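From first to last, the protein sequence lines are chains X and R.
The end of the first sequence is residue 370 by numbering that gives the first Met the number 0, with every number in the run present.
The end of the second sequence is residue 989 by numbering that gives the first Met the number 0, with every number in the run present.
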Amino acid sequence: MGALKHIINLVSAPQVSFLVAAIAFFFVFPPTAGFERWNRRLRLNLLWTVRGGILLHALVIGGFFLSTLDPNFRAIVAKPDNVPIALLLFGTLFFLWYAMKQAVDNDQRLASDQKPNEYTDPSEPKILVWPDLVYIELIAAVLCMAALIFWSIALEAPLEQPANPTLSPNPAKAPWYFLGLQEMLVYFDPWLAGVVFPVLIIFGLMALPYIDTAPEGSGYYSYSRRKLFISLFLFGWLLLWVYLIIVGAFMRGPNWNFFGPYEEWDIHKVVPLTNINFSALVWVKLLNRPLPDNIIVREIFGIVLLGIHFLVVPPLLGVTVLKKFYSRMGNVKYAVFMFLSMAALTLPIKMFLRWTINLKYLVAIPGWFNL
Amino acid sequence: MDNNEQRYYDPKTLNRVFAVTSVIFLASLVAMFYYDYDREWREHQATFRKIDIGSARERLERDQKRLEQAQEYQQLTEALSSARAEQSRTSVTVEQERAELARLTKQRDSVREEMNFEIAEHAAAKYKFEQARAKGAPGAAKLEKALLEREQAAAEKKLMVEQLESQMGERRAAIEQDTATVVALERQLAQLTSRSDLLIRKLATLDPARLSALDKVGDKVRDLPGMDMFNPRYNVRDHQLIIDGITEDMVFTRVPRVDRCKACHMGIADQRFADEDNPHRAHPNLDLFLTQSSAHPMKEFGCTSCHSGRGRGTSFTTAVHTPDSAEEREEWEKEHDWERLHHWEAPMHPARYTQAGCYKCHTDNPELEGADKLNLGLAIVRKAGCNGCHLIDRFNGEPKAGPSLRRLKSKLTPDWAFKWIKSPKEFRAHTWMPAFFKQSNNSDIEPRTDVELKAMVHYLFAESEDRTGQAEGKRTAAGNAENGKRLTRARGCQACHMLADDPYDATLSVDAMRRQQGPKLVGMASKTTAAWLYGWLKDPATHSPDTRMPDLRLSDEDARDITAYLMAVESDGTLTAAVPATDERMLDEVTLELMAKNMSQVAAKAKVHGMAVEEKLAYTGKQMTRHYGCFGCHDIPGFEDEQPIGTDLSEEGSKPIAQLDFGLRHDLEHVNYAWFEEKLKDPRSFDHGLVKKPGERLLMPHFGFDEHEREAVVTCLLAFAKPDSELKKALPRTPRNMFIEEGEKLITQLNCRGCHVIDGAGGAIEPSLVKWVAEHPPGQEPAAEKEPEEEEEDDGWGDEEDEAIDPEILARAYMPPDLTGEGAKVQPEWLFSFLGDPASVRPWFEARMPTYSLTGEERNTILRYFSYLDNQKFPFEKPVTVDTNSVEFKAAEKMFSPAVMNCKSCHVVAGKTPEGKTAAEWAPDLGMAKDRLKADWTLKWLLDPQTLIPGTKMPQYWPEDGPSPLPDLGADTLRQCRAVRDYLFTLEEE
């Protein structure tokens, strides 16, 4: 058991878990037909059936409660302010599964030339309100009240000491919905992680429906009709947001060190944190020369790489792999889409570089721009 | 319309779901009420009510038994019943009068009501008329007429009321007259039964057995869940204290301090509940706390001002109680579902550290009455020199705890110093010098620490001034050790030093610590030379200008004898450590390591290479002396302006727990006092298991405190908390308080209480004195050999039967004077010059007040201290002028004579000693009175010596009440006393 916990601790480290999750993600939520074939071959589509759902929930919830037998795990998840976050994650799982189940159901119906579940006769549009809707709304309201009352009895308000400007808690954590951003601060300069990326991620996710304006799949759940955009959306949502919240809430302990789920939050834990700028890497290590004094010259390699990332790769993809997509989208939509995608990609790329080559900043112009 | 039966859901199913949902919701509401109602205080208040009823019943029963047995009560009841019988015989008239009174009252009420209407109408009419006249309205005249009518009507009614009331008065007087006897008797009886009546009234609202059926129902209903929002019997509101003027600090703001502790601790301020179990028990010290007459009334201070904890909490856990032991913790967890609320910054102190709370206000009293543990802790902190390494605000400016090492060379040998520092307790088990070496985190690097120690000793001796040969020239011959032993006892050495056969108490006390002001005087021979010791005894300042050892003004012969004795007393332990040869390789290593702190490794290497061994020792010695912070306690050349090396402890008690490094110790509870306890138990234990270079290891030395001492010190550490400005103001910084505080500091430094009782505390020498007197009864020794101590006073004696007296009482006669009330007693000028040159008040005693080299300012500090302590007008006294031709003077002369009071039979007068008495029985020279004593005090002293100095042998000539036994001056006690006092003030010293 100890060994298993140890392995889980090791595997949960973002270096491993993020990579695994990022790769597995595209098999579970295939963005292209090729991935979709793999998805079927691996039978991952069965996750979105009732049985698959039961299995999925049993694994996650069962694993969670089994883990609470571990005192270190329990100490963190059972903190009154963490309980709602845990509940929220279960909720995310359930609704994700439910939406996917409906989408997959519809895909099957469509494949066999049936109408989707949500289909209504356009000539007779109606929604049953009384008593159906009103009644279940009442039931839901009463249940919510009861749940809140029981909850407030069982868990006292997680009040802490009076706020004191001279004493910051360790770890100092943002509200849970910002923990993803706080996690990004590990890898990025504050104004990128705190301002630019959140704006890009939120607006990017919001913009997706306006980029993909195809009429298929509109008005009902469907996956395969718009797999690319759903997959990209979920990537941004699940990996760049929810995953980072999980890490930030449950696995970042004192001094913002990473702690596995069964690891004790030891305030004395020490991890080597020496990082190196890309400029030093190229000039000193590869070219074996001192760093140039001129900042632009010094950072030129990073700037060039960044230029390639944003200005060269998208057109290149447009004329090769994404040729069809490009012609469907047109110039403007394609450009917006690629800008958002490449910006979103910098996050995992940077994380990956940090873990592999201890990269501090690709471009480091202190006071101006650090990436 | 039901034809369209298209449905998403089956209505029946929905109904069922809704039914289940409703039941769940109902259950949640019931649970909500239940948990809101289920409070500990409710249960405690119900239990307390039972206890209260029981106690009231018991008292009522007792009181009624008392009444039954009281003759007066029997007589009164009988008298009352017969008076009542008498009255009922005449009852016809009384009844008629009463009926008439009732009729009149009814009539008056009705007329008065009419009168009130008229008055109101009149006021309205007046307003209308005034307005009309002011505006010049045409109807004004008519309105004026209406006004006058109203006035008339009101006056008439008023008159009628008055008439009726006067008739009523007549009736009342008549009734009173008829019932006078009965009422008077009833009143008498009521006085007798007032206690019972009170109890009955109390029980009437409290005791279910005395409630009416309806009240019984109400008693239950008012506390039912849901009903208890109106006027419940059991509540918190009635028991909470909102403390005026002492608020709580919430960082950004201060909020009122609201203490709800009494909601459970209902009997806390009532002595009657002293034997109940918690939470109903009374406070253990109601004389000092909570009661209105105590120094800390509950309404002014509340509970949490002293105890900390969360006053607003109404459950066991949320009040933030703190268990005193692991067992108590377990018990609480089981019984009260207790858990530690980490987020409350000021939890209650565990019971054993309660006295830390006193320090919130009483930061400046060196000794606080009733806070023994805190006092002991503060004394230990001072004595152990904690403030040498740790800044502690209140100890700023205190002298260093250890002796000066500037003139070490003439006293010790380097080898002895090495062995001593390495393990001081081997030499003196109770020494206050702590152990730095052979500790749990450095015994593995002994070769290195030996080199460090060697280097330090080298440095100390190299820097030391050599005084050998000074002040010892006159030591011509060896002394008499036997006489030396006697002298050490007789001269009062035991006020500050333990001697060979003095036992240590099982537990340390502040008083015991006064006797440890200096080291235990054993094993001198293995430590120093007779020459040094002789010189030291003759004049301590030669060897250490700042020493606290005073000059005892010893004759050469006495000093020689004492030297001989002290050199002969063996130590109770021996230093076993061997002094190794200097390990040069290790020395190089250490020197290099130290050197490399200030320069590059390469440069340091080169430099060390070029140094001689001596140089390396000197360099390393100085660095290590700094490293270990030796200068914190000792005056060491080269470290005059050094800053203390330790953590600032001024606010240690408020330090967030995260700042206390528990290292790898997971066995300790994560609370500050557990950390402090462990730190004192094994100061290095938080290093265990960590990889640390020698120079990085924890340094705090081991003091070898036992549990009792650790508790006292931890109490202090918890007390050293962030100051609360409001609580600080509880004790105002008046000149009186500040002068007394300043004086106390100096008196503590000089250890005056080693000999004297001052302000009710001190006189630590007494046990040694009792022992000495028991072993050497005064009768058997030559007269010149008695034992009192220093300084002034008339503690008494004069009477003959000394031999048979219990040594304890006899010792009191030999005790140094009790200085309580000294400010009222002696003249400031005298005290000032006495402190500079303490010529003994009883020069014929061996024990004497030693000479302290006090500056004028220090002497004034002591003067001010005594004066303010006794609320004296400071500083000067009007001299007493005496007319030697007056009747009073002649009478006094007569009273003073052998024929009457015979003062000379005990008192020395102008150098002439009393005849036929041993020196032990002589009383001070009356010739000194004029310059020394205050006139008011002397008068009081003559009138009633025992009140001023309990146990004095000075007889009381004038009885407290009743006429004077002497016929002179009209047998007027006060006049006679005044005359004797004035006469005394004319006597001259030799």
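Cβ atoms here follow ideal geometry from the backbone N, Cα and C, with glycine treated the same way.
As the structure is a computational prediction, the values presented were derived from the model and not from experiment.
Asked                                                                                                                                                                                            : Found
Taking 8 angstroms as the threshold (C-beta atoms), are TYR233 (chain R) and GLN44 (chain R) in contact?                                                                                         : yes
What residue from X:VAL246, X:ARG224, X:PRO174 and X:TRP47 has the CA that sits closest to PRO115 (chain X)'s CA?                                                                                : X:ARG224
Whole angstroms are fine: how far does the CA of HIS755 (chain R) sit from the CA of GLY761 (chain R)?                                                                                           : 6 angstroms
Using a Cβ distance threshold of 8 angstroms, determine whether the stretch 148 to 167 of chain X contacts the stretch 315 to 334 of chain X, with at least three qualifying pairs required.     : no
What does DSSP give as the partner residue(s) for PRO255 (chain R) in the beta ladder?                                                                                                           : R:THR246
Out of R:GLU613, R:PRO283 and R:TYR358, state which residue places its alpha-carbon closest to the alpha-carbon of SER307 (chain R).                                                             : R:TYR358
Step through the CB atoms of chain R and report whether any lies within less than 8 angstroms of the CB of ILE152 (chain X).                                                                     : yes
Label MET0 (chain R) either buried or exposed according to how many other C-beta atoms from any shown protein chain fall within 10 Å of its C-beta, with 16 as the threshold for buried.         : Any answer about MET0 (chain R) is weak, because its pLDDT of 41 lies below 50 and its placement is not dependable; what the coordinates show is given next. Looking at its Cβ environment, which holds fewer than 16 other Cβ atoms inside 10 Å, MET0 (chain R) is exposed.
At a CB-CB cut-off below 7 angstroms, which residues of chain R make contact with TYR97 (chain X)?                                                                                               : In chain order: nothing, as chain R lies at least about 17 angstroms away.
For the alpha helix (DSSP H) containing THR883 (chain R), list its first residue and its last residue.                                                                                           : Neither: THR883 (chain R) is in no alpha helix (DSSP H) and is coded neither H nor E.
Terminal residues of the continuous alpha helix (DSSP H) containing ASP177 (chain R)?                                                                                                            : 139 to 191
Hey, is MET31 (chain R)'s beta-carbon within less than 8 angstroms of any beta-carbon in chain X?                                                                                                : yes
When the Cα of PHE704 (chain R) is compared with those of R:LEU717, R:GLU676 and R:LEU726, which residue comes out closest?                                                                      : R:GLU676
Please confirm if PHE315 (chain R) has its CB atom under 8 angstroms from at least one CB of chain X.                                                                                            : no
Run the CB neighbour count on ASP392 (chain R), radius 10 Å, all protein chains shown included, and call it buried at 16 or more, exposed below.                                                 : exposed
Going by beta-carbon coordinates alone, are SER570 (chain R) and PRO402 (chain R) separated by less than 8 angstroms?                                                                            : no
For the 8 angstroms Cβ check, are there 3 or more pairs between the stretch 619 to 632 of chain R and the stretch 440 to 457 of chain R?                                                         : yes
Can you tell me the Cα-Cα spacing of ALA140 (chain X) and VAL269 (chain X), whole angstroms?                                                                                                     : 49 angstroms
Which residues of chain X have a Cβ atom closer than 9 angstroms to the Cβ of PHE630 (chain R), listed in chain order?                                                                           : Within 9 angstroms Cβ-Cβ: nothing; PHE630 (chain R) doesn't reach chain X, min ~32 angstroms.
What does TYR34 (chain R) reach in chain X if we use C-beta pairs closer than 9 angstroms?                                                                                                       : ILE152
Can you check whether the C-beta of ASP80 (chain X) is within less than 8 angstroms of a C-beta belonging to chain C?                                                                            : Among the chains of the structure shown, chain C does not appear; the protein chains present are X and R.
Who are the near neighbours of THR527 (chain R) in its chain, counting only those whose CB is closer than 7 angstroms to its CB and skipping five residues on each side?                         : LYS410 and LEU411
So, helix, strand or coil for HIS701 (chain R), using DSSP?                                                                                                                                      : strand
Using a Cβ cut-off of 8 angstroms, pull out every chain R residue sitting near PHE149 (chain X), in sequence order please.                                                                       : SER27 and ALA30
At the 8 angstroms Cβ level, is LEU127 (chain X) part of the contact set with chain R, yes or no?                                                                                                : yes
If I follow the unbroken alpha helix (DSSP H) through CYS385 (chain R), where does it start and stop?                                                                                            : 385 to 388
Take every Cβ of the stretch 643 to 650 of chain R, pair it with every Cβ of the stretch 607 to 622 of chain R, and state whether three or more of those distances are shorter than 8 angstroms. : no
Return the CA-CA distance between TRP771 (chain R) and ALA563 (chain R), expressed in angstroms with no decimal places.                                                                          : 20 angstroms
Buried or exposed, going by whether 16 or more other CB atoms sit within 10 Å of the CB of VAL331 (chain X)?                                                                                     : exposed
Between which residues of its own chain and LEU373 (chain R) is the CB-CB distance below 8 angstroms, once the five residues before and five after are set aside?                                : GLN354, ALA355, CYS357, TYR358, LEU367, ALA711, THR714, CYS715 and ALA718
Please report the straight-line C-alpha distance between LEU184 (chain X) and HIS5 (chain X), rounded to a whole angstrom.                                                                       : 27 angstroms
Please tell me whether LEU745 (chain R) and ARG547 (chain R) are closer than 8 angstroms, where the distance is taken between their beta carbons.                                                : no
If you measure beta-carbon to beta-carbon, which residues of the stretch 11 to 23 of chain R are closer than 7 angstroms to chain X?                                                             : LEU13, VAL16, PHE17, THR20, SER21 and ILE23
Please return the same chain residues whose Cβ sits closer than 7 angstroms to the Cβ of ASN386 (chain R), not counting the five positions on each side in sequence.                             : VAL380, PHE394 and GLU397
Would GLU263 (chain X) pass as a contact of ASN81 (chain X) if the rule is Cβ separation under 8 angstroms?                                                                                      : no
Hey, is the stretch 191 to 202 of chain R in contact with the stretch 60 to 78 of chain R, meaning 3+ C-beta pairs nearer than 8 angstroms?                                                      : yes
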